[in-house]
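Take this note's numbering: the last position of the sequence shown gets the number 157, and nothing is skipped along the way.
We put the CB at the ideal spot given by N, CA and C, even for glycine.
Quantities reported herein were computed from a predicted structural model and do not represent experimental measurements.
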Amino acid sequence: MVFSILALVAVCISICIKDRKKSLYVQSLNCFFEAIYDFLISAFTGAILSIINLIRTFIFINKNKFSKSVYLIILFIFEGIIMINCYFSWTGWVSLLPTIGSMIRSYCLWQSNMKLVRISGITTGILYGSYYIYYHSWFMVLGDFILLLTGIYTLYKNDIRRKSNNEVICN
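This is the structure we're talking about:
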């Protein structure tokens, strides 16, 4: 349960941080703690995805070291690895939930737009939360529900409300 708490804290903090690189560093902690937790509860699709996501996050932190075309290829490689993992760790349709969640999150983290990172917090909360319901991992369900609420709040605070305030000022 300690690892699930640490994963929850890390992912919630990561979507609240405005700086992309700092957010990704904290996100990498989430991936690490979630991988350990998933192995402990035998949620192997999620565990392997967390390791893949950890590697992906470290590469995405160093985005500026790659040309645009190489960086695009890196995204496709990770999306392919995520799909292959789903095939090899298939335990039924429930395996699609973290797979789709990781694919969306990979795309959003690949971008530089923090709004997409916040949106991926919402999709991750829904898809991974549903996955953990299947495994009766109620603390992770609670964590993903908190992630969902945090994602909605930070999206509203940083993107929707700010846009509304700018429209009022400009009119």
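| Query | Result |
| --- | --- |
| Under 8 Å between C-beta atoms of F19 and A(-7) | yes |
| For Q97, the first and last residue of its enclosing alpha helix (DSSP H) | From DSSP, Q97 is part of no alpha helix (DSSP H); its letter is neither H nor E. |
| Beta carbon of V12 nearer than 8 Å to that of I22 | no |
| Which of helix, strand or coil DSSP assigns to D5 | coil |
| Supposed contact pair L83 and S36 - C-beta distance, whole angstroms, cut 8 Å | About 14 Å separates the two Cβ atoms, so there is no contact after all. |
| Buried versus exposed, by CB contacts within 10 Å (16 or more), S123 | buried |
| Whole-angstrom C-beta distance between R104 and G137, which should lie under 8 Å | 6 Å |
| Outcome for T77 when other beta-carbon atoms lying within 10 angstroms are tallied against a minimum of 16 | exposed |
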